[in-house]
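Residue numbers (my numbering): 3 to 414. Even for Gly, the Cβ is constructed at its ideal location relative to N, Cα and C. Take a look at the structure below.
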Amino acid sequence: MKNRIILHYGELTLKGCNRQTFVKKLRINVRHKVKALNLNWDVKSIHDRMFIDIPEDFSGDIDFIAAKLAEVPGVAWLSRVYWFSAKKYHIFEGKPDLQEAENLIENLANDNYKEGKSFAVRVKRSDKRFQLSSRDLEIQLATVILKNTEWKNVDLKHADQYFYVDISSRGMAIHTNRIQAIGGLPVSSTGRIMCLLSGGFDSPIAAYLTAKRGCNVDFIHFTASNLQSSKLEEYKVSKIAKRISEFAGKVRLFLVPYTHFDLALMDQKLEYDLILFRRFMARVAENLALQVHAQCLVTGDNLGQVASQTMENIVSMTKSVDMPILRPLLTYNKGEIVEISRELDLFDICVEPYKDCCALISNSPKTKSLHEKLNNIENAAFDDYDELVKETLKEMQVVAYQFGNKIDYVWN
Ligand code: ATP
Ligand code: MG
3 MKNRIILHYG ELTLKGCNRQ TFVKKLRINV RHKVKALNLN WDVKSIHDRM
53 FIDIPEDFSG DIDFIAAKLA EVPGVAWLSR VYWFSAKKYH IFEGKPDLQE
103 AENLIENLAN DNYKEGKSFA VRVKRSDKRF QLSSRDLEIQ LATVILKNTE
153 WKNVDLKHAD QYFYVDISSR GMAIHTNRIQ AIGGLPVSST GRIMCLLSGG
203 FDSPIAAYLT AKRGCNVDFI HFTASNLQSS KLEEYKVSKI AKRISEFAGK
253 VRLFLVPYTH FDLALMDQKL EYDLILFRRF MARVAENLAL QVHAQCLVTG
303 DNLGQVASQT MENIVSMTKS VDMPILRPLL TYNKGEIVEI SRELDLFDIC
353 VEPYKDCCAL ISNSPKTKSL HEKLNNIENA AFDDYDELVK ETLKEMQVVA
403 YQFGNKIDYV WN
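Quick look at the structure:
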């Protein structure tokens, strides 16, 4: 018997003739994820699933590895199974060797025993060469449990605990639970985005949601000051980028100071400083996005959350650039965003105080604005906007992560 992790990819199976491309990408991503966990394990794919055989001498925590693999976009669910190969256990011969499987079921039943609860054995026999019917094997294994453990109640329809047995052409897999994974599509299969990352809760979730739908993610963050290059990894936004990379694979975080914007507006007392700042961020982000071949910008904007996110101000920001701005969280409630943040272990990072940004923003920002009017203000206030964007990007610093590990990366 071997330990094996099986990864199932629900939605990919809908992709018709592109399916092979998606599966290939997913396999590459899973391989990288395994490597990032310092494991040198092979990832194999067959028909509608992938699997990883755990070497016999592995003494680490298999459940932890399974939980980490559940973070790879494109994996719908996975199971940690005990594998009995058809050959070794004579699965398709007149008398299959089921003794070891029965012992295992007994152990699993003991380990998972819950007083007063019900159980069921579910057998799926996709290769009919197996002599017993599914029903007969279910009864045989349930009898083992009833005879040898404290379980007393069988409930075939709504059991509290299931014991699954899958018989396919290569052998028999036994497992006790489905581990829910994040689903979606493999990263690198749908496009590349540049996410504007603040120090708050929303933008990391917006990035996560786009990665989950198969996008490659890079971040741009605007800071009040030039950050110390030796300390980049200690900053809150770097910790966020690092965590997101566990889902999204390779992620670059571009850090740019907004000092030039600040200086240009100094002493001007502009009423629209907040929305002007957001248009500035969008333009710098667009310029960088074009350089890294990203197709869209992404923000954590949320309709009506704060003054900058009224419909009017969202429109004014959108009109400041040619590149589409995607806002995956536009219609979410704050509670829903925080809940995702907790599920993804981002909450504790995002809740840390972060004072770096938005020192220049007035206390009573305008909630309504018009693109044309803002254009006029910008023409009067900034001598050369293109130059402002260029100067800002000149001071850019970069830190890069891949599946949770920092990687060397030099921006040319
Ligand atoms: P978040 O929305 O990420 O929780 P926040 O609520 O503090 O942070 P908002 O003022 O709501 O930030 O900004 C809306 C969006 O604008 C953010 O989600 C983010 O995409 C972008 N943004 C804000 N500040 C910055 C920044 N300093 N650098 C990059 N993007 C930013
Ligand atoms: Mg916000």
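Checklist entry - Looking only at C-alpha atoms, which of N31, A226, I48 and M3 sits nearest to K252? => result Looking up residue 252 in the sequence shown gives position 250. Cα-wise, what sits closest to K252 is N31.
Item to check | Helix, strand or coil at P326 according to DSSP, with G and I counted as helix | outcome: Here the question's residue 326 lines up with position 324 in the sequence shown. Reduced to three states, the DSSP call for P326 is coil.
Next on the checklist: Using C-beta distances below 6 Å, list every residue in its chain close to E288, excluding the 5 sequence neighbours before and after it, in chain order.
Outcome noted: Taking the sequence shown and counting its residues from 1, the one referred to as residue 288 is at position 286. Result list for E288: V323 and M325, in chain order.
Item to check | A361, DSSP secondary structure in three states | outcome: Here residue 361 is taken as the residue at index 359 of the sequence shown, counted from 1. The pLDDT assigned to A361 is 49, lower than 50, so where the model puts this residue is not dependable, and the model offers no usable value.
Checklist entry - Who are P259's beta bridge partners in DSSP? => result Counted from its first residue, the sequence shown places residue 259 at position 257. According to DSSP, P259 bridges with T225.
Item to check | Boundaries (first-last residue) of the alpha helix (DSSP H) holding K214 | outcome: Reading the sequence shown from its first residue, position 212 is the one you call residue 214. Counting along the chain, the alpha helix (DSSP H) containing K214 begins and ends at D204 to K214.
Item to check | 6 Å CB neighbourhood of I147 in its chain, flanking five on each side removed | outcome: Here the question's residue 147 lines up with position 145 in the sequence shown. Excluding residues within five positions, the ones whose Cβ falls inside 6 Å are A111 and W153.
Checklist entry - Do you know offhand how far D99's Cα is from N42's? => result Here residue 99 refers to the residue found at position 97 when the sequence shown is read from its first residue. Here residue 42 refers to the residue found at position 40 when the sequence shown is read from its first residue. Those two C-alpha atoms are separated by around 32 Å.
Checklist entry - F203: beta carbon under 6 Å from a heavy atom of the ligand ATP? => result Residue 203 sits at position 201 when you count from the first residue of the sequence shown. Yes; taking the cut-off as 6 Å, the Cβ of F203 has a heavy atom of the ligand ATP nearer than that.
Checklist entry - Under the three-state reduction of DSSP, which class applies to R280: helix, strand or coil? => result Your numbering for residue 280 matches position 278 in the sequence shown. R280 falls in the helix class under three-state DSSP.
Checklist entry - Quick one, which of L28, A161, F349 and C298 has its alpha-carbon nearest L71's? => result Taking the sequence shown and counting its residues from 1, one reaches residue 71 at position 69. Here the closest residue by C-alpha is L28.
Item to check | E338 to Q142 span [Cα, whole Å] | outcome: Taking the first residue of the sequence shown as 1, we reach residue 338 at position 336. Taking the first residue of the sequence shown as 1, we reach residue 142 at position 140. Roughly 46 Å between the two C-alpha positions.
Checklist entry - Within 10 angstroms of its Cβ, does Y11 collect 16 or more other Cβ (buried), or is it exposed? => result Locating residue 11 in the sequence shown gives position 9, where the first residue counts as 1. Y11 is buried by the Cβ-count criterion.
Next on the checklist: Pull the bridge partners of D175 from the DSSP assignment, please.
Outcome noted: Along the sequence shown, one-based indexing puts residue 175 at 173. At residue 175 the sequence reads Ala, which differs from the Asp that was named. Its beta-bridge partners are W85 and D168.
Checklist entry - Going by the C-beta, is T301 closer than 6 Å to any heavy atom of the ligand ATP? => result On the sequence shown, position 299 is the one that residue 301 refers to. T301: yes, Cβ under 6 Å from the ligand ATP.
Checklist entry - Given E393, which residues of its chain have a CB within under 7 Å of its CB, disregarding the five upstream and five downstream residues? => result Translated into positions along the sequence shown, residue 393 becomes position 391. Hits under 7 Å: H262.
Checklist entry - With distances taken between CB atoms, is the gap from I242 to I351 smaller than 7 Å? => result For the purposes of this step, residue 242 is taken as the residue at position 240 of the sequence shown. For the purposes of this step, residue 351 is taken as the residue at position 349 of the sequence shown. Yes; because the gap between Cβ atoms is below 7 Å, this pair is in contact.
Next on the checklist: Once the 5 residues before and after G302 are set aside, which same chain residues still bring their CB inside 6 Å of it?
Outcome noted: For the purposes of this step, residue 302 is taken as residue 300 along the sequence shown, with counting starting at 1. Around G302: D204, S205, A208 and L331.
Checklist entry - By how many angstroms is the C-alpha of K26 removed from the C-alpha of A103? => result Residue 103 sits at position 101 when you count from the first residue of the sequence shown. Residue 26 sits at position 24 when you count from the first residue of the sequence shown. Their backbone Cα atoms lie some 33 Å apart in a straight line.
Checklist entry - Whose C-alpha, out of E273, D386 and W413, is nearest the C-alpha of V294? => result Counted from its first residue, the sequence shown places residue 294 at position 292. Out of E273, D386 and W413, W413 has the C-alpha closest to the C-alpha of V294.
Checklist entry - In angstroms, rounded to a whole number, what distance separates the CA positions of A284 and H177? => result Counting from one through the sequence shown, the residue named residue 284 turns up at place 282. Counting from one through the sequence shown, the residue named residue 177 turns up at place 175. Spanning the two alpha carbons is a distance of roughly 49 Å.
Checklist entry - Buried or exposed: where does V45 fall if 16 or more other Cβ atoms within 10 Å of its Cβ makes it buried? => result For the purposes of this step, residue 45 is taken as the residue at position 43 of the sequence shown. With 16 or more other Cβ atoms within 10 Å, it is buried.
Checklist entry - Roughly how many angstroms separate the alpha carbons of I8 and G406, rounded to a whole number? => result In the sequence shown, the residue the question calls residue 8 occupies position 6. In the sequence shown, the residue the question calls residue 406 occupies position 404. So the two alpha carbons sit approximately 22 Å from each other.
Next on the checklist: Tell me the rounded alpha-carbon separation between T320 and N335.
Outcome noted: By 1-based counting over the sequence shown, the position of residue 320 is 318. By 1-based counting over the sequence shown, the position of residue 335 is 333. Each residue's Cα considered, the two are about 22 Å apart.
Checklist entry - Counting along the chain, where does the beta strand (DSSP E) carrying I409 start and finish? => result Position 407 of the sequence shown, counting from 1, holds the residue named residue 409. Following the DSSP letters along the chain, one finds I409 inside the beta strand (DSSP E) bounded by residues N407 to I409.
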